Amino acid sequence: MKNELKILGVVVIFTAILYWGVEPFAHTQMHKHVDGEHFAYSDLNESTKKGNVENGKTLVMGAGACTGCHGIQAVAHKAPMDAATAVSAYGVNPPDLSTAGGLYSEKFLANLIENPAHALKVEHKFDAAKGKMHPMPAFYGAGGDKAQEIADMVAFLKSIAPKEISPKNAYLDACGRCHANRYGKLDQLGETPTFKSETDTLKHKVAVLEYQDKLKAYMGKLPPDLSIIIRARSEHFLETFVENPQSQLEGTSMPRVGLSAEGFEKVKAYLTQTGDPSKTAREAIGPWVLLFTLVFTVLAYLWKKSMWKDH
Amino acid sequence: MAHFEKASSITEWLDQRLAITTVKKVMALEYWIPKNINFLWAMGMVLAFTFALLTISGIFLLMYYQPNVDTAFDSVNYTIMSEVGFGWLWRHIHGVAASVVFLIIYIHMFTGIYYGSYKKGREMIWLSGMLLFVVFSAEAFSGYMLPWGQMSYWAGMVITNLFEGFSPDIAGGIMNAPGLVEWIRGDYVPGQAFLSRFFMLHVLLLPLVIIGLIGLHFAALRIPHVNNQDGEEFDYHEAAKLYKEGKTKESKVIPFQPVFLSKDVFVLGVYLIFFFYLVFYHFNFAMDPVNFDPADGLKTPAHIYPEWYFLWSYEILRPFPKDPGLIAFGFAQVAFFLLPFLDKSDTVAPANRRGLFKYWFWIMIVDMIVLTVMGKLPPQGIWNHIGLVAAVVFIALFVSLPWVTKNENRA
């Protein structure tokens with residue numbers, strides 16, 4: 001018995017060293033190490049102003065302001081253009097702002113309004129000095145204290161955001177305009193409808209393809225489908241990449257998303273639903289299977305003992 | 312025609328026609344196994360069980376898998392993982408078992424090397440085992456192609472490229488095989504023809520060969536018998552006689568069923584705890600994240616590496632320039648086959664009681680682990696140098712084995 005445990009020890013030690021070498025250690029050597037900041041966005045300016053919702057509403061909904069391009073369903077404001085027209089006009093479809101106050105970091109929103117290319121970390125692509133303007137114009141102020149006005153707008157967006165945002169809606173608003181998710185039956189135009197006639201199915205497919213072509217022209221390539229990205233990348237990679245795409249992939253045209261920590265958790269929950277749907281079942285059944293093997297082993301041990309008694 | 316009496320029971324009826332009592336006696340009740348063994352002797356059973364798990368889970372996966380370049384990825388990652396009841400469980404069992412089976416194969420192999428169970432009449436056990444290792448490798452590789460992810464595609468590309476042979480300017484191009492790579496792939500790059508044929512190999516031809524070889528491997532054990540912890544040679548008839556007379560304590564053997572089996576099943580139980588822990592909680596090592604990106608011939612992954620069990624031989628190829636690398640790689644593939652013939656010692660004993668071979672064995676283990684780790688690391692800087700040294704050590708170990716073992720006979 002002592003001998004057997006000694007042998008087992010040798011086998012386990014060599015196996016553990018081997019495992020450590022090809023898994024944890026090799027991965028630290030193969031991938032760039034990026035420290036996250038848990039969605040603190042410390043490179044952006046902090047504002048101390050307290051926003052006024054009423055004034056924010058006037059600024060957001062006013063003539064020539066946000067609603068000139070963005071829809072806000074929460075206050076029954078329809079987007080001025082449909083997705084296909086918008087993508088032709090701007091290169092990218094401007095998001096509906098209903099959930100923005102609930103999903104994105106307050107700090108990020110304020111900086112985004114003031115200087116979109118900077119907050120989105122796409123200045124390498126949109127350099128105003130070279131005449132390459134970001135499709136979303138910077139906010140130059142409405143005549144009063146600009147910082148106060150920005151705080152007001154953010155306060156308004158926060159006030160209209162729903163209390164509960166489902167993981168799916170979080171995904172749709174934060175990622176869905178560029179990334180399809182075929183396992184979740186989502187394309188860049190939203191939920192992929194099912195049609196009775198093949199003609200309609202094909203028409204929709206063509207609309208999606210046309211949208212994707214515009215998107216390709218804007219982004220340089222078609223952003224990947226995110227159906228199973230939760231298993232293709234580590235959790236740490238996804239978190240730091242969403243927090244700051246440039247940190248993991250320098251020069252990428254993907255903008256910083258600006259999610260708050262809670263917003264990211266929601267998006268992650270949706271990606272887990274589509275990419276790792278068995279997680280719940282796995283965690284539910286796992287302990288029972290292990291318990292079974294444990295009982296099996298104990299019984300087998302007793303059998304072995306009785307068999308070897310006289311040997 | 313033989314004369315048949317009317318049977319009075321089903322057992323008797325079957326016995327008249329199939330001699331089941333004799334078969335049971337020969338294969339189990341009086342199949343004698345040495346008593347002086349430890350749990351490493353149960354690895355054969357663990358392997359057989361894992362192979363059964365692979366076959367059964369494979370059959371379930373086969374019912375939903377689609378060997379088509381457009382649908383293969385989603386049939387695995389969507390249909391099987393979310394639409395088929397417990398499809399995820401079968402897939403995780405299959406994926407984890409495919410990786411763990413190699414860990415057990417290596418333990419089984421090095422047990423054989425440590426106790427000298429490859430020589431003095433046991434050569435065929437060793438050779439059939441090594442053949443099994445090679446076919447298992449082919450089986451693992453062909454299976455890895457099927458999900459048609461990025462690593463399937465690029466590993467398929469890299470490994471089939473090896474069949475290009477040597478550079479055309481070596482020996483007048485005699486060892487260069489133009490067109491062979493394309494013939495293997497059925498196309499210029501891995502595509503539908505490639506996927507279809509690897510699918511066929513994985514689910515039909517190779518499993519058939521494996522089953523045949525397992526039969527040969529078992530049969531090869533019959534005459535030389537299983538080795539024991541001390542490499543002791545004894546008279547099995549004598550030992551079996553003692554046992555049957557009821558002197559079980561004095562006898563050096565035990566019957567396969569139920570005594571040996573009871574220990575096998577216990578070891579199997581311990582193994583299954585470990586195995587199912589991996590299946591439910593720790594499976595990423597066996598299901599590489601890179602393969603969850605669909606195959607894309609226009610996008611090379613940053614790091615292309617084989618599964619962990621191929622890394623040591625990959626690392627014997629990689630640190631050298633192309634042609635010497637191929638020779639070294641070829642050597643690595645046959646080296647273990649040659650073991651019974653390179654070992655010039657007549658002693659069958661644990662490595663620790665065998666003079667220089669003791670050092671040879673432990674250096675070999677450490678070297679294999681170093682090669683494996685270096686095979687995964689990016690080939691840069693210090694890793695490249697360590698890899699090269701380890702590869703040279705591997706070759707040197709085999710080349711020097713006859714001299715390492717020769718002196719043992721004098722003692």
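Chains as they are written, first to last, in the working numbering: chain A, 1 to 311; chain B, 312 to 722. Even glycine gets a Cβ: it sits at the ideal position worked out from N, Cα and C. From a predicted model like this one, the values you see are computed outputs, not experimental measurements.
- Short of 6 Å from the beta carbon of B/Ser453, and not among the five residues preceding or following it, lie these beta carbons of its own chain, in chain order: Phe509, Leu512, His513.
- Under the DSSP assignment, B/Val576 falls outside any beta strand (DSSP E), being part of the alpha helix (DSSP H) whose first and last residues are 572-592.
- In the three-state scheme derived from DSSP, where H, G and I count as helix and E and B as strand, B/Ile565 is classed as strand.
- Closest in alpha carbon position to A/Cys178, among A/Lys163, A/Lys158, A/Val22, A/Leu215, is A/Leu215.
- Residue contact with chain A for B/Val570: present (Cβ-Cβ distance below 8 Å to some residue of chain A).
- Between B/Ala660 and B/Asp541 the beta-carbon gap is near 7 Å, inside 8 Å, which marks them as a contact.
- DSSP, read as helix, strand or coil, puts B/Trp343 in strand.
- DSSP places B/Ser368 in the uninterrupted alpha helix (DSSP H) bounded by 354-373.
- One alpha carbon belongs to B/His314, the other to B/Arg328, and they sit about 11 Å apart.
- In the DSSP assignment, B/Glu626 falls within the alpha helix (DSSP H) that extends over 622-628.
- When DSSP assignments are scanned along the segment 122-171 of chain A, the uninterrupted stretches of alpha helix (DSSP H) that are 4 or more residues long and fall wholly within it turn out to be 146-160.
- A direct Cα-to-Cα measurement between B/Tyr342 and B/Tyr547 gives close to 10 Å.
- By the criterion of at least three beta-carbon pairs nearer than 8 Å, the segment 229-245 of chain A is in contact with the segment 26-43 of chain A.
- Between the beta-carbon of B/Ser573 and that of A/Lys2 there is about 20 Å, and that puts the pair past the 8 Å contact cut.
- Residue contact with chain B for A/Thr293: present (Cβ-Cβ distance below 8 Å to some residue of chain B).
- Distance check between B/Lys346 and each of B/Thr611, B/Glu544, B/Asn720 places B/Glu544 closest, using alpha-carbon atoms only.
- At a C-beta separation below 7 Å, A/Thr15 has these neighbours in chain B: Leu414.
- Taking the CA atoms as reference points, A/Glu235 sits about 24 Å from A/Ile17.
- Between the C-alpha atoms of A/Ser227 and A/Tyr270 there is a straight-line separation of about 10 Å.
- A Cβ-Cβ contact shorter than 8 Å links A/Gly101 with A/Lys158.
- The beta carbon of B/Thr559 sits closer than 8 Å to some beta carbon of chain A.
- One finds Pro600 in chain B with Cβ atoms closer than 7 Å to the Cβ of A/Arg233, taken in chain order.
- Between the C-alpha atoms of B/Gly398 and B/Tyr389 there is a straight-line separation of about 10 Å.
- Rounded to whole angstroms, the separation of the alpha carbons of A/Val289 and B/Leu365 is 18 Å.
- In the DSSP assignment, B/His536 is bridged to no other residue.
- In the three-state reduction of the DSSP assignment, A/Glu283 falls in the helix class.
- DSSP places B/Ile706 inside the alpha helix (DSSP H), whose first and last residues are 692-717.
- Check the Cα spacing between B/Leu473 and each of B/Ala482, B/Asp480, B/Met486, B/Met462: the tightest is with B/Met486.
- By the C-beta density criterion, A/Leu302 is exposed, having fewer than 16 other C-beta atoms within 10 angstroms.
- The alpha-carbon of B/Ser319 is positioned some 36 Å away from that of B/Ala359.
- As the crow flies, the alpha-carbon of B/Phe384 is around 12 Å from that of A/Tyr183.
- About 5 Å separates the beta carbons of B/Lys655 and B/Pro713, which is inside the 8 Å limit, making them a contact pair.
- Separation of A/Asp152 and A/Ser47 (C-alpha to C-alpha, rounded to the nearest whole angstrom) is 11 Å.
- Across the structure, B/Gly666 and B/Thr716 are spaced so that their CA atoms are roughly 8 Å apart.
- Secondary structure of B/Gly454 (DSSP, three-state): helix.
- In the DSSP annotation of this structure, the continuous segment of the alpha helix (DSSP H) that includes A/Arg231 starts and ends at 229-232.
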